[in-house]
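For the sequence shown, the positions run -20 to -1, 1 to 129 when mature numbering (1 follows the signal peptide of the UniProt record, and there is no 0) is used.
Note sheet for the following structure.
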Amino acid sequence: MNKALYLFVIGLLCFSATNAQEFSFGVKGGPSYVSGGQITGRVGGGSDFGGTVEADSQFKYHVGGFFELRYKKFLLRPELIYSAMETEFGFPTRPSTYAIEKISVPLLIGYNVWGPVDIYAGPAYQNILEVSLEGNEPDQPVPWLLKQG
């Protein structure tokens, strides 16, 4: 009986210690939606497109993780987030897709206002991994690109 009580008290203390941790970590993710942008062409100069094409935004995603350190009501939360964004331009002859992939590393400082409500602010480092514009390749080779000096 004493052993059972002793093990129960030790288990309760260990459970309390794990619940009183001042750090946590987790994953985050969701949809990315880019809006806005337009391309205006002009007649001449190798182009016969003279209109304006608005961007057709596409849903992509972002995914990442965070580590949070709490001290009383203050928080320090570094994150690592990968984002993919895409926009499509519907040109009359063929559509063109503009895509960006980037990594963001925000270092957020926060304050717990009340219960589950926190306020965060801080700097973020961003590194663009890849930018591509597909579908805008010329149908014919451009003559001045083929000349050699």
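Glycine included, C-beta positions come from ideal geometry on N, C-alpha and C.
Do residue i and residue j have their C-beta atoms within less than 8 Å of each other?
i	j	result
residue 53	residue 78	no
residue 47	residue 8	no
residue 87	residue 103	yes
residue 44	residue 59	yes
residue 98	residue 55	yes
With distances taken Cα to Cα, identify the nearest neighbour of residue i among the options.
i	options	result
residue 10	35, 63, 113	63
residue 109	102, 61, 101	61
residue 12	4, 76, 38	38
residue 84	107, 114, 36, 32	107
residue 144	6, 4, 5, 114	Nothing can be reported for residue 144: it is not among the residues displayed for the chain, which extend from -20 to 129.
residue 16	68, 82, 93	68
residue 111	82, 94, 93, 4	82
Between which two residues does the beta strand (DSSP E) holding residue i run?
i	result
residue 14	Residue 14 -> no beta strand (DSSP E), and no H or E assigned at all.
residue 73	Looking at the DSSP string, residue 73 is not in any beta strand (DSSP E), and its letter there is neither H nor E.
residue 110	104 to 114
Residues in its own chain within less than 7 Å of residue i by CB, not counting five upstream and five downstream?
i	result
residue 34	18
From the DSSP secondary-structure annotation, give me the bridge partner or partners of residue i.
i	result
residue 8	44
residue 33	19
Leaving out five residues on either side along the sequence, give the residues of the same chain with a beta carbon under 8 Å from the beta carbon of residue i.
i	result
residue 2	49, 50, 51
residue 32	18, 19, 20, 21
Beta-carbon within less than 6 Å of residue i's beta-carbon, same chain only, minus the 5 sequence neighbours each way: which residues are those?
i	result
residue 105	85
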